[in-house]
Structures are given as structure tokens and as C-alpha cells.
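Trainee: Protein chains in written order, with this note's numbering: chain A, 1 to 391; chain B, 392 to 555.
For each residue, glycine too, the CB sits at the ideal point set by N, CA and C.
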Amino acid sequence: MHTRLFHAFLLYSVILLFLGLLLQSPVPIFAAIPLLWIMVIAHLFRFEPVSVKRTHENRRYVEGDKLTVRYEVKGHGYFEVKDELGSISGFAENSRKFKRKINLDEFGVIKLENLEIISEDIGGMQVVKRTVRGKGEIKIYPKIEYVRKFVIKPKRTRSLLGDYHSRRKGLGMEFSDIREYNPGDSMRWINWKATARRNKMMVNEYESERSGDAVILLDVRRFYKGSEEYGKILRHSVRAAATLVTYLSRTKNRVGFVLLGETVDWIYPTYGKRALYLVLEKLLHTKSRKLSHIPFEYAKFIVSRFFPPNSFVILISPLLSWDIDDAIVELMAKNYDILVISPSLITEDSDFATAILKAERYVRLRRLRLYATVVDWNVKYPLTKVLMVMR
Amino acid sequence: MKIMKNRSLAYVYLAIYYILSLAITPPNVFFLSVILISVSLGFVALYWYIKDELLFYAYILFSLFVVIVPFSAMRNIDAMDLAVMYTFMAPLLLHIIAIHFSRYGKATKNTYLVYLSSLPLSLVLAYMVIYLNVAGNAYVIAALIFGVVIIYYLLLKDSVFKSE
Numbered sequence: 001m002h003t004r005l006f007h008a009f010l011l012y013s014v015i016l017l018f019l020g021l022l023l024q025s026p027v028p029i030f031a032a033i034p035l036l037w038i039m040v041i042a043h044l045f046r047f048e049p050v051s052v053k054r055t056h057e058n059r060r061y062v063e064g065d066k067l068t069v070r071y072e073v074k075g076h077g078y079f080e081v082k083d084e085l086g087s088i089s090g091f092a093e094n095s096r097k098f099k100r101k102i103n104l105d106e107f108g109v110i111k112l113e114n115l116e117i118i119s120e121d122i123g124g125m126q127v128v129k130r131t132v133r134g135k136g137e138i139k140i141y142p143k144i145e146y147v148r149k150f151v152i153k154p155k156r157t158r159s160l161l162g163d164y165h166s167r168r169k170g171l172g173m174e175f176s177d178i179r180e181y182n183p184g185d186s187m188r189w190i191n192w193k194a195t196a197r198r199n200k201m202m203v204n205e206y207e208s209e210r211s212g213d214a215v216i217l218l219d220v221r222r223f224y225k226g227s228e229e230y231g232k233i234l235r236h237s238v239r240a241a242a243t244l245v246t247y248l249s250r251t252k253n254r255v256g257f258v259l260l261g262e263t264v265d266w267i268y269p270t271y272g273k274r275a276l277y278l279v280l281e282k283l284l285h286t287k288s289r290k291l292s293h294i295p296f297e298y299a300k301f302i303v304s305r306f307f308p309p310n311s312f313v314i315l316i317s318p319l320l321s322w323d324i325d326d327a328i329v330e331l332m333a334k335n336y337d338i339l340v341i342s343p344s345l346i347t348e349d350s351d352f353a354t355a356i357l358k359a360e361r362y363v364r365l366r367r368l369r370l371y372a373t374v375v376d377w378n379v380k381y382p383l384t385k386v387l388m389v390m391r
Numbered sequence: 392m393k394i395m396k397n398r399s400l401a402y403v404y405l406a407i408y409y410i411l412s413l414a415i416t417p418p419n420v421f422f423l424s425v426i427l428i429s430v431s432l433g434f435v436a437l438y439w440y441i442k443d444e445l446l447f448y449a450y451i452l453f454s455l456f457v458v459i460v461p462f463s464a465m466r467n468i469d470a471m472d473l474a475v476m477y478t479f480m481a482p483l484l485l486h487i488i489a490i491h492f493s494r495y496g497k498a499t500k501n502t503y504l505v506y507l508s509s510l511p512l513s514l515v516l517a518y519m520v521i522y523l524n525v526a527g528n529a530y531v532i533a534a535l536i537f538g539v540v541i542i543y544y545l546l547l548k549d550s551v552f553k554s555e
């Protein structure tokens, strides 16, 4: 296929020829001759449309990682290769290798589907455009803040073993009390010093270590325009959710997830790595590009319908809708334990609008603190640092 | 940044081309040259903002007219005049190279060779036609060249696709 430049040169030549004939002057024809020479000479040079092989190291990355994509271009001529990661261009003589390093700053999925290859000859007269269908995707998981131990934990535990000390006595590591020996008690529990002192068999009692149910309720609904601010809130909220789900699943809790964004989505409570991977996979696709008209009622309904009472609900929300307050009260009435983590972008500016926003948010949080634990999170600081100082 | 640099250089070539063309324009057609340059500059401005490739081809066409006008106004053209005309066309070809190949980064030496070698070859051909009176007159030769090119074009049309 010939390029537009080739067609343009041909058209110029025809126009100049007719102009020469019309004006009975050889000059326009002379001016056309170089264009014709270019068309002819360009075809004499070797042109081999390029083929491209694209490779990358891993399929899974974490925000902040560097992705190295290698391209091997084979052919002879100018080329431009466009894909989801951008474009590379240059001139290939038989074979050429490119290495492109990309900073993965945002979580999400990059689908490497199409590879558009444009090859052009040395004179820009012939072009070959091809689209190669590729397979695979690169998953960029949200950055997880590592923390050894948080203050946050489910208040109510289940009968299964876990990492939290329960009020019940049972198997565990933490010493709780001494009581009289009952038939059936293990010999290992006998406290020999206490037995000698009291002259009757005494055994140690331990605090039972149990696990709980936790639900992460991520509210990333978008109510106004302003993609930059919403984008920031979304990124920080998703990172917070990823950090919390990692911690909660590591501490042997059953973790569920509810997402309130452009649509409503949820994951039933599950244990361990399964919960972690399910939630992280869901977080990868979290977007908030369109304005949302979903009321918070939906989230309340899902939590009360699919998650057992006594669950520890962690709501991550910038608290932009007013219906959240009533829903929290209703969930608490249904015996759910609630922690609200509210990311905020309000700056330290002293203008009037910021002052109003600050006052409104202050009143809001104060009202919520009457019945739930609320963490006012300025996203300038890492969430783990904020949660560490929480009591 | 590199592309911007190449493009800036391209417009320097174009400016040189206009200045050289105006410098040799006789007073009787000076106004016509100015009009043609103005029109092509109008298209350049539009191309700058709209970035439509068709506008690029439009201003190149008007730019070609700019070099034709002063030489057409001359009564007799000798080989020296032709050499001057082709020399003056060189910045225009360099401009085309710089703009067209900027998407690929930088044009190679062979590309410059293809474009710039066309000028001495054209001079040789024109000299043979006019002064050595090969094949009678220029119009016959021009028609022959066009015939060759059109046949060549028809033969090569989409041949690359067929080979794919």
C-alpha cells in the first residue's frame, strides 16, 4: 500500500505537468521531475515490513514497581509500534531490540490485546499497517502497607481458632486463671506449684484465641465532577482496603467485601489467602469514572443480608453522601460493630470554601463518633500510621 | 522533545526556502509570489493547529508554486538557472523529510540520499532534454516519464499487501 505522501507526489506531478502545458512553460515540468525521481528511487531500496515480538517479565506487579517490556523488531524500514503501553518508533535494519521501562504508578489491569505495527519504506512511499492480536494482561495490585499489629480487631469472635483473645476460656497461649482440676483436664495444664501450695490439684486456664468476621465496605461513589480529586480518593481508599484485607486475612479472620462505586459488588466472607486474592482481584477493577446514583441503602442491605450479625464492618468512605449516617445507626442496631475510616483531601488553605468544608466535616464526624469509631484520615499520611495511634 | 526539535528545524528549512525564492523573484511577479507564500503560510498555520496531514500536502503544493513563479517569469532558462532552481528546492525537500519522518524519530542517511539525489538526477535529465535535445523536446520526455511512473504505480499498487 502506498502512503499519502506518494499519492500527494503523484498529484503534484500531474498538476505541475498540466500547469506546464497550460502556461507553455517547461519550468513546472522541471519542478515535477525531482518528485518523480523520489518515487522511483524509493522503490529501488529494500523494504521489508517489520514484525514485532513483545515480551515482559511478570504478569503481576505492585504499584510503584517498574515494568520492563522488550520489543524485538525484525524487518527493514521505518516502523512505529503502538500498544496499550504507548508507542515506539525508529528505523530497523534486519533486527533491532528495544527495552522500555515503565513506572507502574496506578493500580489496575493493562490488557495487552492489540499491537499496531506501521512499517514504511526509506522514502516514505510504501506503508504496511498491521494489527497483531496479543494475549495476556498485566495486573498492577494496589500498594499494601505492611503492619505487624493493629489496634483494630473484631469485638465479637467466632468459635473457630484465630489470633484474637476471647473472653472465653479454652486453648490458647495467654494465661488467664487457675482453677481446680476436673476429670478430663490434660495433665499438661496442671500447675504443680499451685497444687503444692493448696494441697489439691490445680490447673491453669488460658484465654481462648478466636477469629472474627470482618467486612470491608468500600464506598467510592462519585457525586461531582473533578476526576483528579476523585481519582486521588479512589486510589487511597483502594490502598487502604488492600492493606486492611491483607492484615485481617493474615490474622485468620473471615473477610468479606462490599464495593459501592459505579455498581454494587460484594464477596462473601472467606478465610485466608482466598479472601485476600478475591478482594485484591476485585480492587483491581475498581473505577469511579461515572457519576453514581447508588444510595448507601444498597450497601446496608447487602451487609445485613449476606454477612452475619456481630461482624466487624470497616467502612472506608469520604462521607460525601448524607444517607451514610442513618445506615450506620441501623447496622449498629442490628449488632454490627462499625469502624469508619474517612479519607479526606481537605487542604490547610484558609479560604472561605475550605473553612466551610472543614466545619461541615467536623460536625459530621462528631455526630458519627457518638455511635461508631471514626478515623479521620488525611491522605497525606499513611493509613497504618493513623491506625497505630488509634485507641 | 526530539520530535519538537525536528519539527522546529523543518520550519527553518521552509523559511529558508521562502526567503531564497523571494530573493530571486523578479519585481513583475513579486506580488504573485507573496500571495502564494501567504496562502501556504496560512495552510502552515492551520496545520500547526489542526494537525491534519492534508493541510501539510496543501501547503507543500503552494510552496512548489512559489519556486516555479520566478523561473517561469524568466525568458530563457539555461542550465545554471535550472541548477539554482533545484538547489532552492532542496530546503523544501528537507522540510518534507523532517515533517514526514518525525513520527519515526529521525530520518536516516538513505532517506536524505533518496530525496536529495533526485535533484542532480533531475538536472541531468532536464539538461539532456533541453540542451542536448534528446528525444526532441521536454514535453515528450515528461509524458514518457509520467507514463513510466503511472505504469510503475499500477504495477506496484498493493503488491506489499499481496506478499503479506
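Report yes if the CB atom of A/Y277 is closer than 8 Å to the CB atom of A/R254, and no otherwise.
Mentor: no
Trainee: Any chance the stretch 96-106 of chain A sits against the stretch 115-124 of chain A, with 3 or more Cβ pairs inside 8 Å?
Mentor: no
Trainee: So A/Y371 and A/I328 are supposed to be a Cβ contact under 8 Å. How far apart are they, rounded?
Mentor: With 8 Å as the limit, A/Y371 and A/I328 qualify as a contact, their Cβ atoms being about 7 Å apart.
Trainee: State whether the stretch 491-501 of chain B contacts the stretch 466-475 of chain B, with contact taken as three or more CB pairs (one from each stretch) at a distance under 8 Å.
Mentor: no
Trainee: So B/M480 and A/P28 are supposed to be a Cβ contact under 8 Å. How far apart are they, rounded?
Mentor: That pair is no contact at about 12 Å.
Trainee: Where does A/E297 sit, in a helix, a strand or coil, going by DSSP?
Mentor: helix
Trainee: Rounding to the nearest angstrom, what Cα-Cα distance links A/G77 and A/T55 in this structure?
Mentor: Roughly 22 Å separates the two Cα atoms.
Trainee: Round the Cβ separation of A/I233 and A/P318 to the nearest angstrom and send it over; I've been treating them as touching at under 8 Å.
Mentor: 5 Å
Trainee: To the nearest angstrom, how far is the alpha carbon of B/V475 from that of B/I487?
Mentor: Whole-angstrom Cα-Cα distance: 19 Å.
Trainee: Can you tell me whether DSSP reads A/G272 as helix, strand or coil?
Mentor: helix
Trainee: Who are the near neighbours of A/K82 in its chain, counting only those whose CB is closer than 7 Å to its CB and skipping five residues on each side?
Mentor: Once the five neighbours on either side are set aside, the close Cβ partners of A/K82 are E116.
Trainee: I need the DSSP call for A/R59, collapsed to helix, strand or coil.
Mentor: coil
Trainee: Roughly how many whole angstroms lie between the Cα atoms of A/S51 and A/R274?
Mentor: Rounded to whole angstroms, the gap between the alpha carbons of A/S51 and A/R274 is 41 Å.
Trainee: Output, in chain order, the set of chain B residues within a Cβ distance shorter than 8 Å of A/L22.
Mentor: The premise fails here: A/L22 is roughly 11 Å from chain B at the closest Cβ pair, so nothing lies under 8 Å.
Trainee: For the beta strand (DSSP E) that contains A/V73, what are its first and last residues?
Mentor: 66-83
Trainee: Residues in its own chain within less than 7 Å of A/A353 by CB, not counting five upstream and five downstream?
Mentor: none
Trainee: Please determine, among A/I122, A/I338, A/S87, the residue with the shortest C-alpha to C-alpha distance to A/E93.
Mentor: By alpha-carbon distance to A/E93, the top candidate from A/I122, A/I338, A/S87 is A/I122.
Trainee: Given that B/F434 touches chain A, what residues does it touch there, using C-beta distances under 9 Å?
Mentor: Correct list: empty, because the minimum Cβ distance to chain A is about 13 Å.
Trainee: Starting from B/R466, trace the alpha helix (DSSP H) both ways and give me its first and last residue.
Mentor: From DSSP, B/R466 is part of no alpha helix (DSSP H); its letter is neither H nor E.
Trainee: Under the three-state reduction of DSSP, which class applies to A/I346: helix, strand or coil?
Mentor: Note: A/I346 maps to coil in three-state DSSP.
Trainee: Can you find a C-beta in chain B that's less than 8 Å from the C-beta of A/V27?
Mentor: yes
Trainee: Compare the C-beta of B/M356 against all C-beta atoms of chain A and say whether one is closer than 8 Å.
Mentor: Residue 356 of chain B is absent from the structure shown; chain B starts at 392 and stops at 555.
Trainee: Please confirm if A/L331 has its CB atom under 8 Å from at least one CB of chain B.
Mentor: no
Trainee: How about B/Y477: is its C-beta nearer than 8 Å to some C-beta of chain A?
Mentor: yes
Trainee: Return the CA-CA distance between A/K193 and A/F175, expressed in angstroms with no decimal places.
Mentor: Cα-Cα distance, rounded: 15 Å.
Trainee: Say whether chain A places a C-beta atom closer than 8 Å to the C-beta of B/N501.
Mentor: Interface residue, yes.
Trainee: Does the distance from the C-beta atom of A/D426 to that of A/R369 stay below 8 Å?
Mentor: Chain A is shown only over 1 to 391; residue 426 of chain A falls outside these bounds and no answer can be derived.
Trainee: Taking the DSSP output, what are the residues bridged to A/R197?
Mentor: A/R197 pairs with nothing; no bridge assigned.
Trainee: For A/Y12, return the contacting residues in chain B, with the cut-off set at a CB-CB distance below 7 Å.
Mentor: L452, L455
Trainee: Once DSSP output is grouped into helix, strand and coil, what is the label at B/T502?
Mentor: helix
Trainee: Hey, quick one: how far does the beta strand (DSSP E) through A/L115 stretch, first residue to last?
Mentor: 114-120
Trainee: Flag B/V458 as yes if its beta-carbon sits less than 8 Å from any beta-carbon of chain A, otherwise no.
Mentor: yes
Trainee: Could you check if A/G124 belongs to the surroundings of the ligand FMN, using beta carbon to heavy atom distance under 7 Å?
Mentor: Of the ligands one can find in the structure shown there are none, so the ligand FMN has no counterpart to examine.
Trainee: Buried or exposed for B/S554, going by 16 or more other Cβ atoms inside 10 Å?
Mentor: Confidence at B/S554 is low in this model, with a pLDDT of 41, below 50, so its placement is unreliable and the value that follows should be read with caution. By the 10 Å Cβ count, B/S554 comes out exposed.
Trainee: Counting Cβ pairs, one atom from each stretch, are 3 or more of them under 8 Å apart for the stretch 504-516 of chain B and the stretch 430-438 of chain B?
Mentor: no
Trainee: Below 7 Å on C-beta distance, what does A/W37 contact in chain B?
Mentor: S509, L512, S513
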